[in-house]
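Engineer: Sending over a structure as C-alpha cells; questions will come in a sec.
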Amino acid sequence: MSEQLLSSRNLAFELYEVLDAEALTARPRFAEHNRETFDAALGTARSLAEKYFAPHNRKGDEHEPRYVDGRAELIAEVKPAVQAFLDAGLLNANRDFDVGGMQLPSLVSQACFAHFQAANAGTTAYPFLTMGAANLIESFGDETQKRLFLQPMIDGRFFGTMALTEPHAGSSLADIRTRAEPVGDGSYRLKGNKIFISAGDHELSENIVHMVLAKLPDAPAGVKGISLFIVPKYRVDADGRLGARNDVTLAGLFHKMGWRGTTSTALNFGDNGQCIGYLVGQPHQGLAYMFQMMNEARIGVGMGAVMLGYAGYLYSLDYARQRPQGRQVDNKDPHSPPVPIIEHADVRRMLLMQKAYVEGAFDLGLYAARLFDDTHTAPDATTREQAQQLLDLLTPIVKSWPSAFCLKANELAIQILGGHGYTRDYPVEQYYRDNRLNPIHEGTEGIQSLDLLGRKLAQNGGAGLKHLIRLIAATAERASHHPNLDALRQPLEQLVNRLQAATLALLGDLAQGKAAAALANSALYLKVFGHCVIGWRWLEQAIHAELGLLKEVEADRDFYQGKLQAARYFLIWEVPGCHTELALLEARDDTCLGMHEGWF
Numbered sequence: 174m175s176e177q178l179l180s181s182r183n184l185a186f187e188l189y190e191v192l193d194a195e196a197l198t199a200r201p202r203f204a205e206h207n208r209e210t211f212d213a214a215l216g217t218a219r220s221l222a223e224k225y226f227a228p229h230n231r232k233g234d235e236h237e238p239r240y241v242d243g244r245a246e247l248i249a250e251v252k253p254a255v256q257a258f259l260d261a262g263l264l265n266a267n268r269d270f271d272v273g274g275m276q277l278p279s280l281v282s283q284a285c286f287a288h289f290q291a292a293n294a295g296t297t298a299y300p301f302l303t304m305g306a307a308n309l310i311e312s313f314g315d316e317t318q319k320r321l322f323l324q325p326m327i328d329g330r331f332f333g334t335m336a337l338t339e340p341h342a343g344s345s346l347a348d349i350r351t352r353a354e355p356v357g358d359g360s361y362r363l364k365g366n367k368i369f370i371s372a373g374d375h376e377l378s379e380n381i382v383h384m385v386l387a388k389l390p391d392a393p394a395g396v397k398g399i400s401l402f403i404v405p406k407y408r409v410d411a412d413g414r415l416g417a418r419n420d421v422t423l424a425g426l427f428h429k430m431g432w433r434g435t436t437s438t439a440l441n442f443g444d445n446g447q448c449i450g451y452l453v454g455q456p457h458q459g460l461a462y463m464f465q466m467m468n469e470a471r472i473g474v475g476m477g478a479v480m481l482g483y484a485g486y487l488y489s490l491d492y493a494r495q496r497p498q499g500r501q502v503d504n505k506d507p508h509s510p511p512v513p514i515i516e517h518a519d520v521r522r523m524l525l526m527q528k529a530y531v532e533g534a535f536d537l538g539l540y541a542a543r544l545f546d547d548t549h550t551a552p553d554a555t556t557r558e559q560a561q562q563l564l565d566l567l568t569p570i571v572k573s574w575p576s577a578f579c580l581k582a583n584e585l586a587i588q589i590l591g592g593h594g595y596t597r598d599y600p601v602e603q604y605y606r607d608n609r610l611n612p613i614h615e616g617t618e619g620i621q622s623l624d625l626l627g628r629k630l631a632q633n634g635g636a637g638l639k640h641l642i643r644l645i646a647a648t649a650e651r652a653s654h655h656p657n658l659d660a661l662r663q664p665l666e667q668l669v670n671r672l673q674a675a676t677l678a679l680l681g682d683l684a685q686g687k688a689a690a691a692l693a694n695s696a697l698y699l700k701v702f703g704h705c706v707i708g709w710r711w712l713e714q715a716i717h718a719e720l721g722l723l724k725e726v727e728a729d730r731d732f733y734q735g736k737l738q739a740a741r742y743f744l745i746w747e748v749p750g751c752h753t754e755l756a757l758l759e760a761r762d763d764t765c766l767g768m769h770e771g772w773f
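Here this note's numbering is used: position 186 in the sequence shown is 359, and no number is missing along the way.
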C-alpha cells in the first residue's frame, strides 16, 4: 500500500489549488517561505509519522498505559517517537524564528500535524495538548509564568494538559468544586478532583504543566466564578530549577475503548493540602481564557477525526483493489475468475461515501487553519475581523461534523473488509474505536449544537453567518460559469435558501424567550448546517477540479474526475436529504421535547 496516512496528491490539491498556500508567502510573516520549504516540512512530517508513529499504533492499543506505583507507565516506543517530533521542530512549527520556531502558516503546520494524527492518535495527543497549553500561557500568563513554564514547554522539556472535568459535573463546568486558596505570597493552594485528563501523567518530559479550572473563595456562582491556574507536577523555583513533587496525585487510569495509547487520568489536587498553583490572568476570567485552548482543541479533535477516517478509507480502498471475491452480476459463468471487490457497485458506493466524507472534512479542517492565518496576518483589519467571525462560527462544525461522518467512514471501511474488518488482525476496527471518542471529546455533539444555534449564529449581530452566506453565494456564482456543475450547484443553493429562512425563524424564537422549543432539535440543525458547509466546500473543490481538467495533464485526469464524482455524490445524494430535518425544524416538532421521563 503506497499511501497509508493521506493522499499526497490530494494534499497538494488542497494546499496549492484550493486554498492557495503560496499566496501566504506574500505576507511579511511568511516571506522567507515558499512552496519548496512548505513541501520540505510536509515531507519531514510524513517521514517521521511513518517511521516513528505508525509502527507502534497497534502496540499502543494492545498494551495501554499501566498504573504502576502511583505513576503511568507507557510502552517504550512512545518516548522516541515524541522526541523525534520535538527534534524536528514540529512542536513550534507556528512560532517565531527568533524563539526557535519554523514560522510556518497554520495551514501548513496543520497539514504537517495531520500525518501524525493519521499515524497514531494515542501518541500524538501528548504534543497536541502541550501546544495548546503553551499557547494559553503565552496569551494570558505573566512574564514570570512565561519564563518558568512557557519557555520549557517551547523547549520540549515540559508538557501540558487541560484539567476541566470533575466527577460530579461532567461537561457542566459551572458546577466545578475544585477550590484555590490564596497563600499570601502570590501562589495558591488547590484542592479538588479532575477526571478524564488526557496525558495527565507520564514520564515523557521533565515536568507536566496542568492548566486547571478552579474557584476562589470569593467566586460568584456559575461560570462567572471560574479562574485558571498553572499547577505543575513538580514544583519550580524562581530560577527555573525543578523541586519536590507537587501535591498532584495520579488516582488511577481510565480504560477507554479507543485512544488507548493516551493516558486518561483521574487526578487529585491537594490531598495533603500542599498543591501549589499560580493564577493566570485575572480572577474569575478562567473560562474565557480556557476557551482559547478549548477551541484549538475542538479544531484539533475535528482534524483528528478526519485523519482516522482518512486512514480507514485508504486502507479499505487498497483492500478493495486487492481482494478478489465474486463476479459481476451479469456474469453467469462460474468458471470465470473472481473480480476485485472494487468492481462491485455497492463497494464503490461505500468507497465513494468515504471519499466524500473524509475529503470534504479534510478541506474544511484546512480551511479553518487558513482562516486562523487570516485572523493574524491578513493585510487589513476588515479581513482579519471577518476571518475571526467566520472561524468562531465554523468551530462547532469543524469539531462535530468530522466526528460524526468520518466515524461513519470508519464504519464503512469495516463493512468493506467484511468479516476481516471486524477482527483485530486489520487496523480498521481500531480506527473506528479511536474515532468513536471524538463525538464526545471537547464537548459532545449536543454541546456543539447548542453552541452553534444558541450562541454562535447571533454573535456580533450575525456577522459570521452573513459573511458565510456571501462566500457560499460567491462560490455558486463562480460555479455557474461551469455548465457541468449546474446539477451540483442547484441543490446547495436550494438548501442555503431554506436554511436561511429556518435560521431566522429559530433566532426569532430565541429572541422572544422561547429557548426550550427553539433549541430542542438543535442536533438536527447542527447536521443540516454542517452539510451545508461541507456542500459549499465540495462545490469549491469541484470548481478547481474543472479548472484542473482544462490543463489537460493526462496524469491528473483520474484525480480530477474522482473529485468531481465525490462532489456529485455529496451534493446530489447527501444534501437533498437535509430537507427532512429542515421540515422538522420549521414545524418546531416537539416529539423529543414532549417525551416524559416516565414514558421510557
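Even for Gly, the Cβ is constructed at its ideal location relative to N, Cα and C.
For Ile381, collect the residues of the same chain with a Cβ closer than 6 Å to its Cβ; drop the 5 residues on either side in sequence, then sort them by chain order.
Structural biologist: Excluding positions up to five away in sequence, the list reads Phe332, Lys406.
Engineer: To the nearest angstrom, how far is it from the Cα of Leu683 to the Cα of Ala696?
Structural biologist: 16 Å
Engineer: Thinking Gln318 and Tyr451 are a contact (beta carbons under 8 Å), I'd like their distance in whole angstroms, please.
Structural biologist: About 6 Å separates the two Cβ atoms, so the contact holds.
Engineer: May I ask you to list the residues that DSSP assigns as paired with Ala284?
Structural biologist: Paired residues: none, contrary to the question.
Engineer: Determine contact between the segment 277-297 and the segment 202-221, defined as no fewer than three beta-carbon pairs at a distance below 8 Å.
Structural biologist: yes
Engineer: For the alpha helix (DSSP H) that Asn468 lies in, which residues bound it at each end?
Structural biologist: 459-495
Engineer: Buried or exposed: where does Asp546 fall if 16 or more other Cβ atoms within 10 Å of its Cβ makes it buried?
Structural biologist: buried
Engineer: Using three-state DSSP, classify Met335 as helix, strand or coil.
Structural biologist: strand
Engineer: Three or more C-beta pairs closer than 8 Å, one from the segment 630-650 and one from the segment 603-619: is that the case here?
Structural biologist: no
Engineer: By Cβ distance, which residues of its chain are closer than 6 Å to Glu190, with the 5 residues on each side in sequence left out?
Structural biologist: Counting only Cβ-Cβ distances below 6 Å, and skipping sequence neighbours, we find His717.
Engineer: For Gln663, which option in Ala646, Met467, Ala675, Thr676 has the closest C-alpha, if you only look at C-alpha atoms?
Structural biologist: Ala646
Engineer: DSSP state of Ser312, grouped into three classes?
Structural biologist: In the three-state reduction of the DSSP assignment, Ser312 falls in the helix class, which pools H, G and I.
Engineer: Could you have a look at Gly365 and say whether DSSP puts it in helix, strand or coil?
Structural biologist: strand
Engineer: So the candidates are Gln559, Val421, Ala291; which of them puts its Cα closest to the Cα of Arg643?
Structural biologist: Gln559
Engineer: Under three-state DSSP, which class holds Asn694?
Structural biologist: coil
Engineer: Would you list the one or two residues that DSSP bridges to Glu440?
Structural biologist: Here the sequence assigns Leu to residue 440, which means Glu is not the residue at that position. DSSP, once it has assigned bridges, lists Lys367, Leu423 as partnering Leu440.
Engineer: Determine whether the beta carbon atoms of Glu237 and Leu539 lie at a separation below 9 Å.
Structural biologist: no
Engineer: Does DSSP classify Thr764 as helix, strand or coil?
Structural biologist: coil
Engineer: Return the chain-ordered list of same chain residues with a C-beta closer than 6 Å to the C-beta of Ile514, the five sequence neighbours on each side being excluded.
Structural biologist: Residues Ala493, Arg496, Gln498, Val520 of the same chain have their beta carbon placed closer than 6 Å to that of Ile514, with the five preceding and five following residues left out of the count.
Engineer: Output needed for Ser509: all residues of its chain with C-beta closer than 8 Å, excluding positions within five of it in sequence on either side, in chain order.
Structural biologist: Arg500
Engineer: Contact defined as beta carbons within less than 8 Å: I believe Ala784 pairs with Leu423. What is the distance between those atoms, to the nearest angstrom?
Structural biologist: Given that the chain is displayed from residue 174 to residue 773, the structure contains no residue 784 and the question cannot be resolved.
Engineer: Do Ala347 and Gly395 have their C-beta atoms closer together than 9 Å?
Structural biologist: yes
Engineer: Can you give me the start and stop residues for the beta strand (DSSP E) that Tyr407 sits inside?
Structural biologist: 407-409
Engineer: Would the segment 693-707 and the segment 572-583 be scored as touching if the rule is three or more Cβ pairs under 8 Å?
Structural biologist: yes
Engineer: Between the beta-carbon of Val272 and the beta-carbon of Ile327, is there less than 9 Å?
Structural biologist: Cβ distance < 9 Å, so Val272 and Ile327 count as in contact.
Engineer: My understanding is that Leu259 touches Ala222, with C-beta atoms under 8 Å, so please give their C-beta distance in whole angstroms.
Structural biologist: That belief does not hold up - the Cβ atoms of Leu259 and Ala222 are roughly 14 Å apart, past 8 Å.
Engineer: Would you check if the distance between the CB atom of Met466 and the CB atom of Phe286 is smaller than 9 Å?
Structural biologist: no
Engineer: Let me check understanding here. Comparing Cα to Cα, which of Val453, Val421, Arg414, Leu415 lies closest to Ser400?
Structural biologist: Val453
Engineer: Take the Cβ of Met768 as the centre, count every other Cβ of all protein chains shown within 10 Å, and call the residue buried at 16 or more, exposed below.
Structural biologist: exposed
Engineer: For Phe270 versus Val409, is the C-beta distance shorter than 9 Å?
Structural biologist: no
Engineer: Are Asp374 and Leu481 closer than 9 Å when you measure CB to CB?
Structural biologist: no
Engineer: Which term fits Asn267, buried or exposed, when burial requires 16 or more other beta carbons within 10 angstroms of its beta carbon?
Structural biologist: buried
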